[in-house]
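Worksheet: the structure to be examined is printed underneath.
Number of protein chains: 2
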Amino acid sequence: MAVYTEVGDTELDAFLAEYDIGEAEALKGVAEGVENSNYLLTTTKGQYFLTLYEKRVNPRDLPFFLGLMDHLAARGINCPQPIHGRDGGTVRTLAGKPAAITSFLHGLSPHRIGVKHCGPVGEALAGLHLAGRDFALKRPNALSVQGWRPLFDGSRAHADSVAPGLARELGAEIDDLEANWPTGLPAGVIHADLFNDNVFFLHDRLSGLIDFYFACNDALAYDVAICLNAWCFEPDRSFNATKARALLQGYDKVRPLGDEERRVLPLLARGAALRFLLTRLYDWLHTPAGALVKRKDPLEYLAYLRFHRNARSLADYGL
Amino acid sequence: MAVYTEVGDTELDAFLAEYDIGEAEALKGVAEGVENSNYLLTTTKGQYFLTLYEKRVNPRDLPFFLGLMDHLAARGINCPQPIHGRDGGTVRTLAGKPAAITSFLHGLSPHRIGVKHCGPVGEALAGLHLAGRDFALKRPNALSVQGWRPLFDGSRAHADSVAPGLARELGAEIDDLEANWPTGLPAGVIHADLFNDNVFFLHDRLSGLIDFYFACNDALAYDVAICLNAWCFEPDRSFNATKARALLQGYDKVRPLGDEERRVLPLLARGAALRFLLTRLYDWLHTPAGALVKRKDPLEYLAYLRFHRNARSLADYGL
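Sequences listed follow chains A and B, in order. For the first sequence, the numbering used here assigns the number 1 to the initial residue and increments by one for each residue that follows. For the second sequence, the numbering used here assigns the number 320 to the initial residue and increments by one for each residue that follows.
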């Protein structure tokens, strides 16, 4: 929840003059997203979403992110669609920050995840993978296997303060995953952060996908593995195979997973759990108590990691 | 900026079933207000504002606040209008908190206050005072003269850490104001917090007044005195008499200030400056560094207080 940069009424009017979406009638800072400042913008022509990109987003990545949303929206994916200014561009400066306007998506994120959500999520993820196939720009995944050791190095010394033996367990895990991480899987654009707060539903139908600011190029099945972590564990940290089956069957309906992808899925899921564990651990150890951003418990993902480490095949995932 | 209480999609649907405003299509936590959790709610019928009342609001005050908004809206004041449920009520429980839905007001708060804003603010304040005359409920002003000494007692011991000599200056100020505070002035419902973030403009016309959660019964001229502090000082803390004249003339156009009100206005303005100084000082000393709420510099109001202390008549306020 965050609005880091305030936008004045006169600078907003000047900014909007570069677009053809009417005049500002309301601007509300939205308590959403931890990376950027987000505003809900109401103009004489409708509702829009205004994002000011803060320091955690590299401005050089913006053409990828905004180009991707444009590309996906043009292919029928319900995602925020960048609004082009009169000069054709989608990024300009507001209050000293790079800023963009997108369409406003209707829908609500499911708070209590049910099996009924998992099938549509699988379908939507596969749809996104297919729609992204011919997107021309590339962005490497800085949070995949080659990024984990440096990330861990920033937390290792204090990891055992979070749980005894954690440093040793994570070190062994990284050794193992580095040695066995699969290569050559079908790759393309992945969302890389498709958690429930990034998926909207309306009347039990999936109505939109948002927040493409972790999107990158990687193995498509790794995105499925992220979703298994994001959607299929219960609040008591137990794995719900019924949810996993629904998610995987939904995905398969639109883009069937290949044999090799199915074989390595438990390993990819283990890597995905480690990835979120490592960023949460880093934030846990480096965020001052009482800061604006709420810290999330890294140990949740330790439980997930252990589940995936013990899984042997897709039978453990309900298939 | 705050959303303290999260609202789930299913509990929102159940809550909305008690109203006749359609079904939820979007819910965005708004980074606005430090007292309550606020959401912008989009339904199939339009845009609304949803407020969950947090611990700093006394639930027993809600009939006053919501009744007042109803009363004012019915008399043509552009303020949030409470939406009545099917049972006629405006307050019910959501996510364990008292909650209400109001209409959504269009407009933007002016960030850089100009003379052009001050006349309309004066007019709107006077209009609010006239419209509130026959409102039946009463709420005493806990932050008027009798509340200042107890508030100061909570900060006195550490006041000098903020500015040397501050404790002594404020103590003398309270003695003086307690001895000379006027009584018997025309009284009624006052807004008591009409700062620029609580006033909306659209195309240089005042389009709405919001945030009635400090509203109470007190001398009407004290509300004018609050606005002199809120609207007429420059960023360098100097007083802008042109803005004050515009504000007072705007007010006079709708409800002319009486002779006694004009005579005591500098004293009321001094009291109003002290009131905001004291709450800011208290928050400054009692808010942990890095907390969700941004602390505001109390010394700004020390400068205002000294200006009003030296003012002798309305000539110092541009009249």
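Where a beta carbon is used, it is the ideal one built from N, C-alpha and C, also for glycine. Note that the structure is a prediction, hence the values are computed from the model and not measured.
Assuming residue i and residue j make a contact with CB atoms under 8 Å, what is their CB distance in whole Å?
i               : j               : result
R237 of chain A : L319 of chain A : So it is not a contact: roughly 21 Å between Cβ atoms.
Y48 of chain A  : I21 of chain A  : 6 Å
D479 of chain B : L485 of chain B : 6 Å
P378 of chain B : P417 of chain B : 5 Å
D9 of chain A   : L427 of chain B : 4 Å
H636 of chain B : F595 of chain B : The question names His, yet the displayed sequence has Tyr at residue 636 of chain B. Contact doesn't hold; Cβ gap of about 18 Å is too wide.
T90 of chain A  : P82 of chain A  : 4 Å
V376 of chain B : C546 of chain B : Their Cβ separation, rounded to whole angstroms, is 23 Å, which puts V376 of chain B and C546 of chain B out of contact at 8 Å.
L298 of chain B : F519 of chain B : Coverage of chain B is limited to positions 320 through 638, which leaves residue 298 of chain B absent and any answer about it impossible.
A95 of chain A  : E11 of chain A  : 6 Å
L209 of chain A : L130 of chain A : Incorrect: roughly 14 Å between the Cβ atoms, too far for contact.
G473 of chain B : Y601 of chain B : 6 Å
By the 10 Å Cβ neighbour count, where 16 or more other Cβ atoms means buried, how is residue i classified, buried or exposed?
i               : result
A455 of chain B : exposed
E325 of chain B : exposed
T363 of chain B : exposed
H605 of chain B : exposed
E173 of chain A : buried
D193 of chain A : buried
G46 of chain A  : exposed
S463 of chain B : buried
D218 of chain A : buried
H522 of chain B : exposed
S632 of chain B : exposed
P554 of chain B : exposed
T42 of chain A  : buried
K562 of chain B : buried
F15 of chain A  : buried
R179 of chain A : The residue asked about is misnamed: residue 179 of chain A is Ala in this sequence, not Arg. Exposed: under 16 other Cβ atoms inside 10 Å.
T421 of chain B : buried
A476 of chain B : exposed
A31 of chain A  : buried
T183 of chain A : exposed
M1 of chain A   : Any reading at M1 of chain A must be qualified, since the residue scores a pLDDT of 42, below 50, and its modelled position is unreliable; the value itself is stated next. Buried, by the Cβ-count rule.
N629 of chain B : exposed
E23 of chain A  : exposed
E442 of chain B : buried
R255 of chain A : buried
A17 of chain A  : exposed
R431 of chain B : exposed
P399 of chain B : buried
A315 of chain A : exposed
F28 of chain A  : It should be pointed out that residue 28 of chain A corresponds to Lys in this sequence rather than to Phe. Buried is the call here.
Y4 of chain A   : buried
E260 of chain A : exposed
R405 of chain B : exposed
A139 of chain A : A small fix is needed here, since residue 139 of chain A is Arg in this sequence, not Ala. Buried.
A230 of chain A : buried
A445 of chain B : buried
G407 of chain B : exposed
G438 of chain B : buried
A461 of chain B : exposed
Quick one: is the Cβ of residue i within less than 6 Å of any heavy atom of the ligand PLP?
i               : result
A588 of chain B : In terms of ligand content, the structure shown is empty, and the ligand PLP therefore cannot be addressed.
Item to complete: Would you be able to state if there are at least three C-beta pairs under 8 Å between the region 219-228 of chain A and the region 272-279 of chain A?
Response: Yes: at least three Cβ pairs fall under 8 Å.
Discussion item. So, does the region 513-533 of chain B touch the region 566-579 of chain B, judging by three or more C-beta pairs under 8 Å?
Written reply: No, because fewer than three Cβ pairs between the region 513-533 of chain B and the region 566-579 of chain B fall closer than 8 Å, the two stretches do not touch.
Worksheet item: Fully enclosed by the region 186-213 of chain A, which beta strand (DSSP E) runs are 3 residues long or longer?
Response: If only complete runs of 3 or more residues are kept, the region 186-213 of chain A shows the beta strand (DSSP E) at 187-190, 199-202, 205-209, in order along the chain.
Discussion item. To test your reading of the DSSP string, which unbroken beta strand (DSSP E) runs of 3 or more residues are found completely within the region 15-79 of chain A?
Written reply: If we require 3 residues or more, the beta strand (DSSP E) runs fully inside the region 15-79 of chain A come out as 24-29, 37-43, 46-52.
Item to complete: Closer than 7 Å, Cβ to Cβ, to anything on chain A: give me those residues from the region 565-594 of chain B, in chain order.
Response: Those residues of the region 565-594 of chain B that come within reach of chain A (Cβ to Cβ, closer than 7 Å) do not exist; the list is empty.
Worksheet item: Just by C-beta distance, which residues in the region 25-36 of chain A are closer than 7 Å to chain B?
Response: Within the region 25-36 of chain A, the qualifying residues are E25, A26, L27, K28, G29, V30, A31, E32.
Discussion item. To test your reading of the DSSP string, which unbroken alpha helix (DSSP H) runs of 4 or more residues are found completely within the region 560-610 of chain B?
Written reply: If we require 4 residues or more, the alpha helix (DSSP H) runs fully inside the region 560-610 of chain B come out as 560-573, 578-605.
Item to complete: Examine the Cβ distances between the region 616-630 of chain B and the region 597-604 of chain B and report whether three or more of them are shorter than 8 Å.
Response: Counting Cβ pairs under 8 Å, three or more are found: they touch.
Discussion item. Along the region 200-216 of chain A, where does the CB come closer than 9 Å to a CB of chain B? Name the residues.
Written reply: Cβ proximity to chain B below 9 Å picks out F200, F201, L202, H203, S207 from the region 200-216 of chain A.
Item to complete: Check distances from the C-beta atoms of the region 163-175 of chain A to those of chain B and list, in chain order, the residues that come in under 7 Å.
Response: Listed in sequence order: no entries.
Fill in: 4 or more residues per run - each alpha helix (DSSP H) lying fully within the region 151-185 of chain A
The qualifying runs are 156-159, 166-180.
Item to complete: Quick one: which residues of the region 416-439 of chain B get their C-beta closer than 8 Å to a C-beta of chain A? List them in chain order.
Response: Within the region 416-439 of chain B, the qualifying residues are F423, L424, H425, G426, L427, S428, P429, H430, R431.
Fill in: Selection of the region 33-61 of chain A by Cβ proximity to chain B, strictly under 8 Å
Within the region 33-61 of chain A, the qualifying residues are L40, T42, Q47.
Worksheet entry | Entirely enclosed alpha helix (DSSP H) segments - the region 79-145 of chain A, minimum 4 residues | List check, alpha helix (DSSP H) in window: 115-131.
Discussion item. To be precise: take each residue of the region 388-414 of chain B, compare its Cβ to all Cβ atoms of chain A, and keep it if any distance is under 9 Å. Which residues remain?
Written reply: Legend: CB atoms of the region 388-414 of chain B lying less than 9 Å from CB atoms of chain A are not found in any residue.
Item to complete: Please name the residues in the region 504-520 of chain B whose beta-carbon is closer than 9 Å to at least one beta-carbon of chain A, in chain order.
Response: Result list: F519, F520.
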